[in-house]
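Novice: So the protein sequences, as listed, match chains G and Z. Reading the first sequence from the start, the letters are residues 1 to 496 in our numbering. Reading the second sequence from the start, the letters are residues 1 to 496 in our numbering. Even glycine gets a Cβ: it sits at the ideal position worked out from N, Cα and C.
Number of protein chains: 2
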Amino acid sequence: MSAYTELERRFHRLYALRNANNVLQWDWAAMMPTGGAEARAEQVAAIKVVCHEQISDPAVGDLLDRAEEERAGLDAWQAANLAEMRRQWIHETALDARLVEAMSRACSACEQQWRRARPAADFAMVQPQLAEVLALVREAGAAKAARLGCSTYDALLDEFEPGGRAAEIEPVFAHLAEVLPPLRAKVVERQAAAGPVLRPAGPFPVERQRALGLAVMKTLGFDFDHGRLDTSLHPFSGGVPDDVRITTRYDEADWVQALMGVIHETGHAQYERGLPPAWRYQPVGQSRGMSTHEGQSLLMEMQAGRSRAFLDYLAPLAREHLGGDGPAWAPDNLHRLYTAVHPGFIRVDADEVTYPSHVILRFRLERALIGGDLALADLPAAWNAGMQELLGITPPSDREGCLQDIHWYDGAWGYFPTYTLGAMTAAQLYDAAGRALPGLDDAIRGGDFGPLLGWLRANVHGHGSKLSARGLLEHATGRALDPAVFVRHLERRYLG
Amino acid sequence: MSAYTELERRFHRLYALRNANNVLQWDWAAMMPTGGAEARAEQVAAIKVVCHEQISDPAVGDLLDRAEEERAGLDAWQAANLAEMRRQWIHETALDARLVEAMSRACSACEQQWRRARPAADFAMVQPQLAEVLALVREAGAAKAARLGCSTYDALLDEFEPGGRAAEIEPVFAHLAEVLPPLRAKVVERQAAAGPVLRPAGPFPVERQRALGLAVMKTLGFDFDHGRLDTSLHPFSGGVPDDVRITTRYDEADWVQALMGVIHETGHAQYERGLPPAWRYQPVGQSRGMSTHEGQSLLMEMQAGRSRAFLDYLAPLAREHLGGDGPAWAPDNLHRLYTAVHPGFIRVDADEVTYPSHVILRFRLERALIGGDLALADLPAAWNAGMQELLGITPPSDREGCLQDIHWYDGAWGYFPTYTLGAMTAAQLYDAAGRALPGLDDAIRGGDFGPLLGWLRANVHGHGSKLSARGLLEHATGRALDPAVFVRHLERRYLG
Numbered sequence: 001m002s003a004y005t006e007l008e009r010r011f012h013r014l015y016a017l018r019n020a021n022n023v024l025q026w027d028w029a030a031m032m033p034t035g036g037a038e039a040r041a042e043q044v045a046a047i048k049v050v051c052h053e054q055i056s057d058p059a060v061g062d063l064l065d066r067a068e069e070e071r072a073g074l075d076a077w078q079a080a081n082l083a084e085m086r087r088q089w090i091h092e093t094a095l096d097a098r099l100v101e102a103m104s105r106a107c108s109a110c111e112q113q114w115r116r117a118r119p120a121a122d123f124a125m126v127q128p129q130l131a132e133v134l135a136l137v138r139e140a141g142a143a144k145a146a147r148l149g150c151s152t153y154d155a156l157l158d159e160f161e162p163g164g165r166a167a168e169i170e171p172v173f174a175h176l177a178e179v180l181p182p183l184r185a186k187v188v189e190r191q192a193a194a195g196p197v198l199r200p201a202g203p204f205p206v207e208r209q210r211a212l213g214l215a216v217m218k219t220l221g222f223d224f225d226h227g228r229l230d231t232s233l234h235p236f237s238g239g240v241p242d243d244v245r246i247t248t249r250y251d252e253a254d255w256v257q258a259l260m261g262v263i264h265e266t267g268h269a270q271y272e273r274g275l276p277p278a279w280r281y282q283p284v285g286q287s288r289g290m291s292t293h294e295g296q297s298l299l300m301e302m303q304a305g306r307s308r309a310f311l312d313y314l315a316p317l318a319r320e321h322l323g324g325d326g327p328a329w330a331p332d333n334l335h336r337l338y339t340a341v342h343p344g345f346i347r348v349d350a351d352e353v354t355y356p357s358h359v360i361l362r363f364r365l366e367r368a369l370i371g372g373d374l375a376l377a378d379l380p381a382a383w384n385a386g387m388q389e390l391l392g393i394t395p396p397s398d399r400e401g402c403l404q405d406i407h408w409y410d411g412a413w414g415y416f417p418t419y420t421l422g423a424m425t426a427a428q429l430y431d432a433a434g435r436a437l438p439g440l441d442d443a444i445r446g447g448d449f450g451p452l453l454g455w456l457r458a459n460v461h462g463h464g465s466k467l468s469a470r471g472l473l474e475h476a477t478g479r480a481l482d483p484a485v486f487v488r489h490l491e492r493r494y495l496g
Numbered sequence: 001m002s003a004y005t006e007l008e009r010r011f012h013r014l015y016a017l018r019n020a021n022n023v024l025q026w027d028w029a030a031m032m033p034t035g036g037a038e039a040r041a042e043q044v045a046a047i048k049v050v051c052h053e054q055i056s057d058p059a060v061g062d063l064l065d066r067a068e069e070e071r072a073g074l075d076a077w078q079a080a081n082l083a084e085m086r087r088q089w090i091h092e093t094a095l096d097a098r099l100v101e102a103m104s105r106a107c108s109a110c111e112q113q114w115r116r117a118r119p120a121a122d123f124a125m126v127q128p129q130l131a132e133v134l135a136l137v138r139e140a141g142a143a144k145a146a147r148l149g150c151s152t153y154d155a156l157l158d159e160f161e162p163g164g165r166a167a168e169i170e171p172v173f174a175h176l177a178e179v180l181p182p183l184r185a186k187v188v189e190r191q192a193a194a195g196p197v198l199r200p201a202g203p204f205p206v207e208r209q210r211a212l213g214l215a216v217m218k219t220l221g222f223d224f225d226h227g228r229l230d231t232s233l234h235p236f237s238g239g240v241p242d243d244v245r246i247t248t249r250y251d252e253a254d255w256v257q258a259l260m261g262v263i264h265e266t267g268h269a270q271y272e273r274g275l276p277p278a279w280r281y282q283p284v285g286q287s288r289g290m291s292t293h294e295g296q297s298l299l300m301e302m303q304a305g306r307s308r309a310f311l312d313y314l315a316p317l318a319r320e321h322l323g324g325d326g327p328a329w330a331p332d333n334l335h336r337l338y339t340a341v342h343p344g345f346i347r348v349d350a351d352e353v354t355y356p357s358h359v360i361l362r363f364r365l366e367r368a369l370i371g372g373d374l375a376l377a378d379l380p381a382a383w384n385a386g387m388q389e390l391l392g393i394t395p396p397s398d399r400e401g402c403l404q405d406i407h408w409y410d411g412a413w414g415y416f417p418t419y420t421l422g423a424m425t426a427a428q429l430y431d432a433a434g435r436a437l438p439g440l441d442d443a444i445r446g447g448d449f450g451p452l453l454g455w456l457r458a459n460v461h462g463h464g465s466k467l468s469a470r471g472l473l474e475h476a477t478g479r480a481l482d483p484a485v486f487v488r489h490l491e492r493r494y495l496g
């Protein structure tokens, strides 16, 4: 057996185990009674330990070196697979056991303290714990950077956005930071001038909302032989490519939230479902990082799902399922409802026009903190100044400021930029799909997502991790990541 | 670290992984869309391989030997745990890889052919495949027997009934075979003389049956913080002790079937839930084999659940949930419905009076086949002769005869006796509980299962696998397994 073949055998088992864990995690969020948490933590921990042992076995390093020597005999998929194996192996083995343990403890302590500091709106309460996390994250980033041959920040970013580089993100975000504030101001002014939007009056029973969600999933091409829709506190897409489990949550006063959750998670699910079947249990067969994934969900939710064409299709379907009637249910009003822009303090409540500003702020701040250019004690002030610059508002307290997101407190650094990279990816892909499929708008107005899904399958999903995120986007759209496409989308939708 | 402590560490991980598999198996039956089967098989296989590697690691044999030398320092739980570790290690390592592989293939081929032979009612069609399975089962049994120091049949039995011995089962079953046929004849005659039983008229919507099932589970003391009720093709109890998942199936024409499934599986679930928490992830903390497990489910379903006292409690509850009215819903009629005796060809449809005869027949035949005293070609004739002797009826074809059960065709030999050992265990435990708890009948009539559950927790569940099945029964009831207790139960209920 060649070294490469032996590596494939080992990674096959690794992914089968990881997939088992995905199902257990889905069950945890969607099915498990509260008293099952401790037992589930034991199960998940045991599988994770076994996975780590599989990949950190000293034989793997030797096999990777020997497989490199066999590289001439590998085809393009195999070569890409081998590169991904090494990348994963570096991430799994770069940190020694002491650092892994210390990070786990520090993140857990910091997250718990954050849960007290946030309601108290007091950053100082959690600053010591966050300082500990930050120090360890910098140490971990440096250890990975030495092995990956990149900067500390890029090494952290690499976990979420393989091959991503801050130096490439920076000019893109700088462009958005320049263009978006005036654009936002114009949109807000225009929407205010148009008068109030009508809100369909509830309540909307959960079972009817669920039936509407299932109908829309069917329209989007979701394959119920290979997936489910359930309920959880936070919507997510989980499971495995041949059995994709998505969830949403219901508010009987507002059906839009649950339905948008369904459409967003269906975008994630369709990406997983469309990954190359021949490479199911290999690194190259997996999705290409967070920004590409978010690109799929935002393409469905923001690009297609809030388009006027889709709302023409959705309006009668929603009325039929929810029993609505009157002018609030007119496609025109629904479109206004679905595209209302409100600058606010909270990222997760933001619309697509203001969302990037939240992300740009976090990207700037986390780079400065990792690089040592910003002291933690100065974070609240820097946050508020950034909000004023980017969104023209200042949070009344740290609760609506630098305490709002769990990410940093839980050790996720280098994650935030993928949200806006994803939004730009979605815009650029949808733009390219529209040019490749001239009747796309009409198809969507008729509830036919077949052409769009086919184009995504062929140009994105089916490539797995064969290309880099950048390479995949270039391959699919014929150009590098270009923020102008995203800005043009916003201008057309909100000022057109 | 002592050898024993190291073994505990290893078995902890093993059980956490097995528990993960239990959840995945539950999901497979209760939640998974059809298209997820292939991926799930990969996940389950990967975990099983890892489990096998954990326990068959050569270091384990050395650790077991070294721990034996430390035995003087172990307490009773630890010593019992060590003995169970060795037993499991023997089962996992007694067969070489070639034999495991050959059995897996042979059983799979035989089961598939059985699925064709059964509807064709043609045993000869599957005889060659079954011959192959039987030969391999005998080889496997012999290999385990050499390690366990027992007979081939007992080695097979040991997998389902640890420490069980055919020589001890034989006189018990011989007694039943003598006593039951005349008893059954009297019961049938008496029930015929009493005139027809009224059947509550449906349909009974699934949601109402489910609500009734949940209400009854609550009455039985099921803890919904640590478990769920769902639906599957075949009812079962799965999950893990802190998160027990039971299922049933619904027939809108007959609510008794689903409800009895719920009560039966609740008995299994309560056993798992009551296992000693301190030993969750060790062999000694697990349930004590199939007959003890079936003893718990049959105690709830057959002893308590079909008692007149429980039906007095159930009748108004069932009427309330299902909207029933009239004489068919009177406790007296429900009791007759719940205890109707009908000798028939099919084991899984049998009542508690005739069920043991089905099992005794299979026990006799499988011992003769394993021992070489019966040729496979003669199985159909031997089956039919046994049915005539034990139940006074002769199957019209092999479909209603030796082709009805999947067990042998799928490689499960030595399993059948546990059903009737379980029925006798249930009767003997319920009899002892009744003597220890003088007001038991009244408590059950009032819907109070607290005393019964408390007695089971203290006398059965909480002991895990610290004692043998026989030892546990003696400890709980003060006597060895005694078929007379079971027979007396039947006489009281059906002829009293």
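Which partner residues of D251 (chain G) appear in the DSSP bridge assignment?
Specialist: Its beta-bridge partners are G:D254.
Novice: I want to see whether chain G comes within less than 8 Å of I346 (chain Z), judged by CB atoms only; does it?
Specialist: Not an interface residue.
Novice: Cα separation between G195 (chain G) and V126 (chain G)?
Specialist: Each residue's alpha carbon lies about 43 Å from the other.
Novice: Have a look at the DSSP bridge pairing and note the partners of S151 (chain G).
Specialist: Beta-bridge pairing links S151 (chain G) to no other residue.
Novice: Are any of the Cβ atoms in chain Z nearer than 8 Å to that of M85 (chain G)?
Specialist: M85 (chain G) does not count as touching chain Z.
Novice: Is there contact between the stretch 327 to 337 of chain G and the stretch 231 to 243 of chain G, where contact requires at least three CB pairs shorter than 8 Å?
Specialist: No, the stretch 327 to 337 of chain G does not touch the stretch 231 to 243 of chain G.
Novice: Could you spell out where the alpha helix (DSSP H) holding V187 (chain Z) opens and where it closes?
Specialist: That run of the alpha helix (DSSP H) goes A166 to A193.
Novice: May I ask you to list, following chain order, the residues of the stretch 219 to 237 of chain Z that have a beta carbon less than 8 Å from some beta carbon of chain G?
Specialist: So the close ones are D223, F224, D225, H226, G227 and R228.
Novice: Between A72 (chain Z) and V244 (chain Z), what straight-line distance do the alpha-carbon atoms span, to the nearest angstrom?
Specialist: Cα to Cα, A72 (chain Z) sits roughly 36 Å from V244 (chain Z).
Novice: Report the partner residues of R228 (chain Z) according to the DSSP bridge assignment.
Specialist: Beta-bridge pairing links R228 (chain Z) to Z:R245.
Novice: Between the C-alpha atoms of G496 (chain G) and F345 (chain G), what's the straight-line distance to the nearest angstrom?
Specialist: Roughly 27 Å separates the two Cα atoms.
Novice: Among the candidates Z:Q286, Z:R40 and Z:T5, whose CA atom is the shortest distance from the CA of L74 (chain Z)?
Specialist: That would be Z:T5, whose Cα lies nearest to the Cα of L74 (chain Z).
Novice: Given a cut-off of 8 Å on the beta-carbon distance, is the pair G227 (chain G) and A258 (chain G) in contact?
Specialist: Not in contact: G227 (chain G) and A258 (chain G) (Cβ atoms no closer than 8 Å).
Novice: What runs of the alpha helix (DSSP H), each 4 residues or longer, lie entirely inside the stretch 32 to 106 of chain Z?
Specialist: You should have 37 to 56, 58 to 69 and 76 to 93.
Novice: Cα separation between H293 (chain G) and S237 (chain G)?
Specialist: The straight-line gap from Cα to Cα measures roughly 11 Å.
Novice: Report the residue from Z:N459, Z:R86, Z:E491 and Z:H489 whose alpha carbon sits nearest the alpha carbon of L275 (chain Z).
Specialist: Of the candidates Z:N459, Z:R86, Z:E491 and Z:H489, the one whose C-alpha sits nearest the C-alpha of L275 (chain Z) is Z:N459.
Novice: Under 8 Å Cβ-Cβ, which residues of chain G neighbour G213 (chain Z)?
Specialist: Those within 8 Å of G213 (chain Z) in chain G number zero; the least Cβ separation is about 16 Å.
Novice: I believe S291 (chain G) touches G267 (chain G) by the beta-carbon criterion, under 8 Å. Please report the beta-carbon distance rounded to the nearest angstrom.
Specialist: At roughly 13 Å, the Cβ-Cβ gap does not stay under 8 Å, so S291 (chain G) and G267 (chain G) are not in contact.
Novice: Could you check which residue in G:A46, G:P343 and G:L220 has the C-alpha nearest to that of V187 (chain G)?
Specialist: When each option's Cα is compared against that of V187 (chain G), the closest is G:P343.
Novice: Could you check which residue in Z:L317, Z:A340, Z:P438 and Z:A121 has the C-alpha nearest to that of E189 (chain Z)?
Specialist: Ranking Z:L317, Z:A340, Z:P438 and Z:A121 by Cα distance to E189 (chain Z) puts Z:A340 first.
Novice: Do you know how far the Cα of Q191 (chain G) is from the Cα of E499 (chain G)?
Specialist: Only positions 1 to 496 of chain G appear in this structure, which leaves residue 499 (chain G) out of reach.
Novice: Tell me which residue opens and which closes the alpha helix (DSSP H) that G454 (chain G) is part of.
Specialist: G450 to N459 is the extent of the alpha helix (DSSP H) around G454 (chain G).
Novice: For V240 (chain G), which beta-bridge partners are listed by DSSP?
Specialist: Answer is G:D243, bridged to V240 (chain G).
Novice: By how many angstroms is the C-alpha of G422 (chain G) removed from the C-alpha of E366 (chain G)?
Specialist: Each residue's Cα considered, the two are about 19 Å apart.
Novice: Measure the Cβ-Cβ separation of V284 (chain G) and S465 (chain G) and say whether it is below 8 Å.
Specialist: Going by C-beta atoms, V284 (chain G) is nearer than 8 Å to S465 (chain G).
Novice: Would you call P395 (chain Z) buried or exposed, if buried means 16 or more other Cβ atoms sit within 10 Å of its Cβ?
Specialist: Buried, because 16 or more other Cβ atoms sit within 10 Å of the Cβ of P395 (chain Z).
Novice: Determine the chain Z residues that contact M32 (chain G) at a beta-carbon separation under 8 Å, and present them in chain order.
Specialist: The contacting residues are D243.
Novice: State whether the stretch 28 to 47 of chain Z contacts the stretch 3 to 18 of chain G, with contact taken as three or more CB pairs (one from each stretch) at a distance under 8 Å.
Specialist: Output reads yes: the stretch 3 to 18 of chain G touches the stretch 28 to 47 of chain Z.
Novice: Flag A20 (chain G) as yes if its beta-carbon sits less than 8 Å from any beta-carbon of chain Z, otherwise no.
Specialist: Yes, A20 (chain G) lies at the interface with chain Z (some Cβ there is under 8 Å from its Cβ).
Novice: What is the DSSP secondary structure of V359 (chain G), reduced to helix, strand or coil?
Specialist: Helix at V359 (chain G).
Novice: Assuming A3 (chain Z) and E70 (chain Z) form a contact by the criterion Cβ under 8 Å, report the distance between their Cβ atoms to the nearest whole angstrom.
Specialist: The Cβ separation is near 6 Å, so the contact holds.
Novice: Are any of the Cβ atoms in chain G nearer than 8 Å to that of Y153 (chain Z)?
Specialist: Closer than 8 Å: no.
Novice: Exposed or buried, what is R86 (chain G) when buried is set at 16 or more other beta-carbons lying within 10 Å of its beta-carbon?
Specialist: Classification for R86 (chain G): buried.
Novice: With a threshold of 16 other CB atoms inside 10 Å of the CB of E207 (chain Z), please say whether the residue is buried or exposed.
Specialist: That one is exposed.
Novice: Going by beta carbon distance, what residues of the same chain come within less than 7 Å of L472 (chain G), once the five residues before and after it are set aside?
Specialist: For L472 (chain G), where only same-chain residues beyond five positions count, the Cβ hits under 7 Å are R288, T292, V460 and H463.
Novice: For the stretch 32 to 50 of chain Z, which residues have a CB atom closer than 8 Å to at least one CB atom of chain G, in sequence order?
Specialist: Those residues of the stretch 32 to 50 of chain Z that come within reach of chain G (Cβ to Cβ, closer than 8 Å) are M32, P33, T34, G35, G36, E38, A39, R40, E42, Q43, V44, A45, A46, I47, V49 and V50.
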